[in-house]
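**Q** For reference, each letter of the sequence shown is one residue, going -20 to -1, 1 to 383 in mature numbering (1 follows the signal peptide of the UniProt record, and there is no 0).
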Amino acid sequence: MFRYNILLIFLLQLITLVNSYKLIGRSLHTANYINDKIYFLGGETDTASYTNDFFYLDVSAPFTLNSLPIVDLTRNVQIAKLQRASSTVCGPNKDTIFLFGGWIDIDESAASLVYTFNISVPQWTNTNIRGPQPNRRVASSVVCDDKDARMYIFGGTNNEGYKNDFDILDTDQITWSLGNRINIPPPMDLATANLLSDGKIVYLGGYSNGQLISMSKIYLYDTINDEWLRMITMDTPPNGRAWHSAVLTHDGRIIVYGGVPVSSYDKLSVLDTTVQPFRWSIPEIIFTPSSAPYMGHTATLVGNLMIVAFGLIDKGSAPDVYSNQILMLDISDKYDYKWVMNFTPNTTVPDPVPAPSPAPDSSHKALFISFAVIIIVIIICSLYYYIYYVRYANARDRVPLLS
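1. Kindly provide the ranges of any beta strand (DSSP E) runs that are 3 or more residues long and lie completely inside the stretch 262 to 341, ordered along the chain.
2. What is the DSSP secondary structure of residue 244, reduced to helix, strand or coil?
3. Below 8 Å, how does it come out for the stretch 148 to 156 and the stretch 181 to 201: are there three or more Cβ pairs, yes or no?
4. When the Cα atoms are used, what is the spatial distance from residue 264 to residue 316?
5. Could you compute how far the alpha carbon of residue 44 sits from the alpha carbon of residue 29?
6. Can you tell me which of 303, 312, 307 puts its alpha carbon nearest to the alpha carbon of residue 7?
7. Whether or not the stretch 205 to 214 and the stretch 223 to 239 are in contact is what I'm after, with contact meaning three or more pairs of Cβ atoms, one per stretch, closer than 8 Å; do they touch?
8. Answer yes or no: do residue 78 and residue 107 have a C-beta to C-beta separation smaller than 9 Å?
9. Please list the segments of the alpha helix (DSSP H) lying wholly inside the stretch 10 to 73, counting only runs of 4 or more residues, in order along the chain.
10. My guess is that residue 234 and residue 253 are in contact by the Cβ rule of under 8 Å, so how many angstroms apart are they, rounded?
11. Terminal residues of the continuous beta strand (DSSP E) containing residue 155?
12. Taking the alpha-carbon positions, what's the residue 256 to residue 66 distance?
13. Could you round the C-beta distance between residue 84 and residue 156 to whole angstroms and report it? I think they count as a contact, below 8 Å.
14. Give me the residue from 64, 203, 136, 175 with the minimum Cα distance to residue 188.
15. Given a threshold of 16 other Cβ atoms within 10 Å of its Cβ, counted over all protein chains shown, does residue 141 qualify as buried or as exposed?
16. Which one or two residues does DSSP pair with residue 148 in a beta bridge?
17. Around the Cβ of residue 244, are there at least 16 other Cβ atoms within 10 angstroms (buried) or fewer (exposed)?
18. Exposed or buried, which one is residue 114 when buried takes at least 16 other CB atoms within 10 Å?
19. Can the beta-carbon of residue 174 be found closer than 9 Å to that of residue 164?
20. When you compare only the Cα positions, how much space is there between residue 14 and residue 268?
21. What is the DSSP secondary structure of residue 222, reduced to helix, strand or coil?
22. Does DSSP classify residue 344 as helix, strand or coil?
23. On the DSSP bridge assignment, give the partners of residue 252 in chain order.
24. Tell me, please, which residues DSSP counts as bridged to residue 238.
25. At which residues does the beta strand (DSSP E) containing residue 102 begin and terminate?
26. Suppose the cutoff is 6 Å on Cβ atoms and the five residues either side in sequence are ignored; what does the same chain contact list for residue 266 look like?
27. Look up residue 89 in the DSSP assignment and say whether it is helix, strand or coil.
28. Is the beta carbon of residue 99 sitting closer than 9 Å to the one on residue 126?
29. Residues bridged to residue 196 by DSSP?
30. Just the C-alpha distance for residue 72 and residue 129, rounded to the nearest angstrom, thanks.
31. Counting only the same chain and skipping the five closest in sequence on each side, list residues whose C-beta sits under 6 Å from that of residue 97.
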């Protein structure tokens, strides 16, 4: 009997492994990278304006885009469904996701302004913070300074309109403070924020009073000297945009991807922050997957790969489509950016994406997996029955007859 129990346990584990988490199309979610995992939360889908889906992509081992190592954590989520929230990884140990604001599906008075998720205690919790409480808003620009565990939150919007509130959260002492407002930028939302190694935060794009903000005159905040700055960049800048993403590379490039309204010409733009003033360039990419989103996505830098997740796909005259795809852009060579299929930790040159071909239909894949599971179950049950029947028959034949 013990042998049969082991067999049953193996069967259950096999079914669990085969039935992996199915990704659905979404946009306006959050993404944060901690300890070889990219955590995704919330956003809107084609069937729900707000969600609290919570899952991660494991980037600790090699994988391909056709077989993503996704782990679902939604059952651990005890927060409201949301979209357009802002988040960053912060804390004295750089091990906590701090989630700020966002539109939610319940009364705002019943929800916390800030939620936290610590990887050592895998659950979302309300966070009570001392100091002047900020206004709730969405689409704010947030970034964390690892040196002093301070989270800088600028701009955003709420029912009153665009904001240029500047709030600082000390994630070590868990206290709020107000940032410097001298020469502060105008009210805006949807700008990206990247913290350079010299302590300056670079804000790119966004809307202000309904107008796109120029990419040629950019705003910076000096965290060391506590002052706002303005810089006129060199060379031809890309078009102003919002709903885009921006990642900072290890060699000082800010890679801006997507946004609205963006043409195919400058869907990918690069700002070199190692020169003064900063210099724009627009690299040429030979091939871009048709499933690449153009807005409402997230971009996360892992080594030399920019991992672009979900968002909206432009279908021309047809309505936009929510993407359920995760894509990867190899940024290791500043003169040769290319989309790739394979991920290998600490690899600088991944395998390039093959020429365009239709992606495998997820429903067909699911059907194949279901048939495989059924066949495996039938085989194991047949073996179980055969072993049991033979043993029972043999045992019965060995029973001595009474004379």
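Note that beta-carbon positions come from the ideal geometry of N, C-alpha and C, so glycine has one too. Since the model is a prediction, treat every value here as computed from it, not as a measurement.
**A** From the atom records:
1. Every beta strand (DSSP E) of 3 residues or more that sits fully in the stretch 262 to 341 is shown, in chain order, as 278 to 282, 285 to 289, 306 to 310, 318 to 320.
2. Against the sequence shown, residue 244 aligns to sequence position 264. Residue 244: helix per DSSP, three-state reduction.
3. Cβ pair count under 8 Å is below three, so no.
4. Here residue 264 corresponds to residue number 284 of the sequence shown, with the count starting at 1. Here residue 316 corresponds to residue number 336 of the sequence shown, with the count starting at 1. Distance between residue 264 and residue 316, taken at the CA atoms: about 8 Å.
5. Mapped onto the sequence shown, residue 44 falls at position 64. Mapped onto the sequence shown, residue 29 falls at position 49. In this model, residue 44 and residue 29 are separated by some 30 Å (Cα to Cα).
6. As a first step, residue 7 is located in the sequence shown; it is residue number 27 there, counting from the start. Nearest of 303, 312, 307 to residue 7, Cα basis: 303.
7. Output reads no: the stretch 205 to 214 does not touch the stretch 223 to 239.
8. Your numbering for residue 78 matches position 98 in the sequence shown. Your numbering for residue 107 matches position 127 in the sequence shown. Going by C-beta atoms, residue 78 is nearer than 9 Å to residue 107.
9. Whole alpha helix (DSSP H) segments, 4+ residues: zero.
10. By one-based count along the sequence shown, residue 234 stands at place 254. By one-based count along the sequence shown, residue 253 stands at place 273. About 6 Å separates the two Cβ atoms, so the contact holds.
11. Taking the first residue of the sequence shown as position 1, residue 155 is located at position 175. Note, residue 155: beta strand (DSSP E), 155 to 158.
12. Taking the first residue of the sequence shown as position 1, residue 256 is located at position 276. Taking the first residue of the sequence shown as position 1, residue 66 is located at position 86. If you draw a straight line from the Cα of residue 256 to the Cα of residue 66, it is about 30 Å long.
13. On the sequence shown, residue 84 is found 104 positions in, with the first residue counted as 1. On the sequence shown, residue 156 is found 176 positions in, with the first residue counted as 1. About 20 Å separates the Cβ atoms of residue 84 and residue 156, ruling out a contact at the 8 Å cut-off.
14. Within the sequence shown, numbered from 1, the residue matching residue 188 stands at position 208. Of 64, 203, 136, 175, the residue nearest in Cα terms is 136.
15. Here residue 141 refers to the residue found at position 161 when the sequence shown is read from its first residue. Its Cβ having fewer than 16 others within 10 Å, residue 141 is exposed.
16. Counting from 1 along the sequence shown, the entry for residue 148 is found at position 168. When beta bridges are read from the DSSP output, residue 148 appears opposite 132, 157.
17. Within the sequence shown, residue 244 is the residue found at index 264, counting from 1. By the 10 Å Cβ count, residue 244 comes out exposed.
18. Translated into the one-based positions of the sequence shown, residue 114 becomes position 134. Buried is the call here.
19. If you number the sequence shown from 1, residue 174 lands on position 194. If you number the sequence shown from 1, residue 164 lands on position 184. No; because the gap between Cβ atoms is not below 9 Å, this pair is not in contact.
20. By one-based count along the sequence shown, residue 14 stands at place 34. By one-based count along the sequence shown, residue 268 stands at place 288. Residue 14 and residue 268 have their C-alpha atoms roughly 28 Å apart.
21. Walking along the sequence shown from the start, residue 222 turns up at place 242. Residue 222 falls in the strand class under three-state DSSP.
22. Working through the sequence shown from its first residue, we reach residue 344 at position 364. Because residue 344 carries a pLDDT of 40, less than 50, the predicted location of this residue cannot be relied on, and no value is offered for it.
23. Position 272 of the sequence shown, counted from the first residue, corresponds to residue 252. 233, 259, per the DSSP bridge assignment.
24. For the purposes of this step, residue 238 is taken as the residue at position 258 of the sequence shown. When DSSP reads this structure, residue 238 sits in no beta bridge, so it has no partner.
25. The residue you call residue 102 lines up with position 122 of the sequence shown. Counted as a single uninterrupted DSSP element, the beta strand (DSSP E) harbouring residue 102 occupies residues 101 to 106.
26. If you number the sequence shown from 1, residue 266 lands on position 286. Closer than 6 Å at the Cβ level, and outside the excluded window around residue 266, lies no residue.
27. Here residue 89 corresponds to residue number 109 of the sequence shown, with the count starting at 1. It is helical.
28. The sequence position of residue 99 within the sequence shown is 119, counting from 1. The sequence position of residue 126 within the sequence shown is 146, counting from 1. When the beta-carbon positions are compared, residue 99 and residue 126 stay at least 9 Å from each other.
29. Within the sequence shown, numbered from 1, the residue matching residue 196 stands at position 216. Per DSSP, none; premise fails for residue 196.
30. Start at 1 with the first residue of the sequence shown, and residue 72 comes out as number 92. Start at 1 with the first residue of the sequence shown, and residue 129 comes out as number 149. Distance between the alpha carbons of residue 72 and residue 129 is about 5 Å.
31. Reading the sequence shown from its first residue, position 117 is the one you call residue 97. Here residue 97 has 77, 104 as same chain residues with Cβ atoms under 6 Å from its own Cβ, once five neighbours each way along the sequence are excluded.
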